[in-house]
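Numbering (our numbering), first residue to last: 289 to 574.
Don't be surprised by glycine CBs; every beta carbon is placed ideally from N, CA and C.
Since the model is a prediction, treat every value here as computed from it, not as a measurement.
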Ligand SMILES: Nc1nc2c(c(=O)[nH]1)N[C@@H](CN(C=O)c1ccc(C(=O)N[C@@H](CCC(=O)O)C(=O)O)cc1)CN2
């Protein structure tokens with residue numbers, strides 16, 4: 289079987305073109321462009337690269353960038369002061385705190401201190417609560433990107449059996465909430481390190497979303513032929529970046545979102561969409 293490519297790079301480029309038009313209109317209405325803030329603590333190369341990518345994307349669609357970089361030994365108080373500053377800054381439409389934070393910091397307390405209306409990542413407890421209740425809220429970027437990618441490639445969602453691997457807060461937990469909404473109507477099994485018989489769960493699934501950070505975890509023998517397979521795992525090795533989906537999976541998958549080029553670019557595009565929508569809300573356009 290030749291898997292159909294779920295091309296996140298091309299899809300994200302389409303989304304950015306649409307967003308650039310909306311940003312131009314918003315900038316005219318507001319008298320200034322919407323602004324995205326980022327808070328980066330420390331010098332993890334991956335996190336630095338993701339933040340740099342976010343600001344490049346902003347420049348491409350006309351969103352202003354506000355960047356706050358703090359040293360790896362920044363205190364909880366310093367980080368929280370930065371949050372207070374962005375909460376109060378009228379030029380900042382929305383912002384994100386790049387995760388993970390260094391271990392000495394209380395990430396939960398940092399996220400909770402954000403103004404939920406400026407939470408461009410949809411990771412504030414209030415917004416995750418709204419998502420749980422089915423009330424409108426900014427959606428976490430990777431899960432939103434996954435749903436958008438599946439929809440735009442017409443992968444059937446209603447009634448689909450979805451196996452999610454990984455229970456992290458940015459992907460695994462919220463993707464189940466999105467896919468089980470009435471509008472998606474999928475049935476989700478959330479697998480994690482305590483799951484017995486992972487291969488059995490994967491084989492039952494029409495859609496497999498691997499976000500475990502375990503290189504090559506899902507192999508072709510585990511998959512139902514024709515399944516849609518999305519690789520969200522990224523592990524940095526001496527050989528480069530490695531995903532959770534073994535390359536041989538392409539032989540049996542019906543659709544494949546590879547790493548790189550699948551879900552990652554969609555994560556970036558959805559962050560821009562969240563900022564644009566937050567700005568549109570301030571002018572009553574949505
Ligand atoms: N505050 C947040 N922190 C983190 C998030 C998040 O959504 N919000 N997600 C990840 C990191 N991330 C964005 O922040 C992210 C990860 C990967 C990609 C991406 O485009 N990946 C490429 C491959 C990697 C590369 O080229 O370096 C791809 O898949 O094509 C974008 C954003 C954790 N932290």
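ask   = Since residue 460 is in the alpha helix (DSSP H), which residue starts that stretch and which ends it?
value = Its alpha helix (DSSP H) spans residues 460-467.
query = Any heavy atom of ligand 3 within a distance shorter than 7 Å of the CB on residue 394?
reply = Among the ligands present in this structure, namely ligand 1, ligand 3 is not found.
task = Compare the C-alpha of residue 304 against each of 439, 411, 358, 349 and name the closest.
result = Sorting 439, 411, 358, 349 by C-alpha distance to the C-alpha of residue 304 places 349 at the top.
task = For my contact list, residue 560 and residue 294 are in at a C-beta cut-off of 8 Å; report their separation, rounded to the angstrom.
result = Contact flag wrong, Cβ pair sits at about 19 Å.
message = Quick check on DSSP: helix, strand or coil for residue 349?
response = Helix, per DSSP.
ask   = So what does residue 292 bridge to, in DSSP terms?
value = Residue pairing for residue 292: DSSP places it in a beta bridge opposite 543.
task = Return the first residue and the last residue of the alpha helix (DSSP H) that residue 370 is part of.
result = Start and end: 364-376.
message = So for residue 494, helix, strand or coil by DSSP?
response = Three-state result, residue 494: coil.
inquiry  = Less than 8 Å between the C-beta atoms of residue 422 and residue 461, yes or no?
reply    = Taking 8 Å as the Cβ cut-off, residue 422 and residue 461 do not qualify as a contacting pair.
request  = Just the C-alpha distance for residue 413 and residue 301, rounded to the nearest angstrom, thanks.
outcome  = Straight across, the Cα-Cα distance linking residue 413 with residue 301 is about 30 Å.
query = For residue 516, which three-state DSSP category applies?
reply = If DSSP states are grouped into helix, strand and coil, residue 516 belongs with the strands.
query = For residue 325, which of helix, strand or coil comes out of DSSP?
reply = Note: residue 325 maps to strand in three-state DSSP.
task = Could you tell me whether the segment 446-453 touches the segment 306-325, where touching means 3 or more Cβ pairs closer than 8 Å?
result = Taking 8 Å as the limit for Cβ pairs, the verdict is that the segment 306-325 does not touch the segment 446-453.
CB contact flag (residue 474, residue 511, <8 Å) = In this structure, residue 511 does not lie closer than 8 Å to residue 474 by Cβ.
task = To the nearest angstrom, report how far apart residue 506 and residue 330 are at their CA atoms.
result = In a straight line, the C-alpha of residue 506 is about 32 Å away from that of residue 330.
task = With DSSP as the reference, label residue 429 as helix, strand or coil.
result = Three-state result, residue 429: helix.
task = Measure from the alpha carbon of residue 324 to the alpha carbon of each residue in 547, 354, 344, then state which is nearest.
result = Among 547, 354, 344, the Cα nearest to that of residue 324 is on 354.
key: At least three beta-carbon pairs within less than 8 Å, the segment 433-440 to the segment 381-389   = Three or more Cβ pairs closer than 8 Å define a contact, and the segment 433-440 falls short of that threshold against the segment 381-389.
task = Assign residue 483 to one of three DSSP states: helix, strand, or coil.
result = Coil at residue 483, not helix or strand.
Distance, residue 508 Cα to residue 567 Cα = One C-alpha to the other measures close to 44 Å.
message = Could you give the first and the last residue of the continuous beta strand (DSSP E) run that contains residue 524?
response = 523-525 is the span of the beta strand (DSSP E), which, as asked, contains residue 524.
inquiry  = I need the straight-line Cα distance from residue 399 to residue 411, nearest angstrom please.
reply    = A direct Cα-to-Cα measurement between residue 399 and residue 411 gives close to 7 Å.
key: Continuous alpha helix (DSSP H) stretch holding residue 564: start and end   = Here the alpha helix (DSSP H) through residue 564 covers 551-570.
inquiry  = Count Cβ pairs between the segment 364-372 and the segment 332-349 that sit closer than 8 Å; are there 3 or more?
reply    = Segments in contact, no.
Helix, strand or coil at residue 450 [DSSP, three-state] = Three-state DSSP puts residue 450 in a strand.
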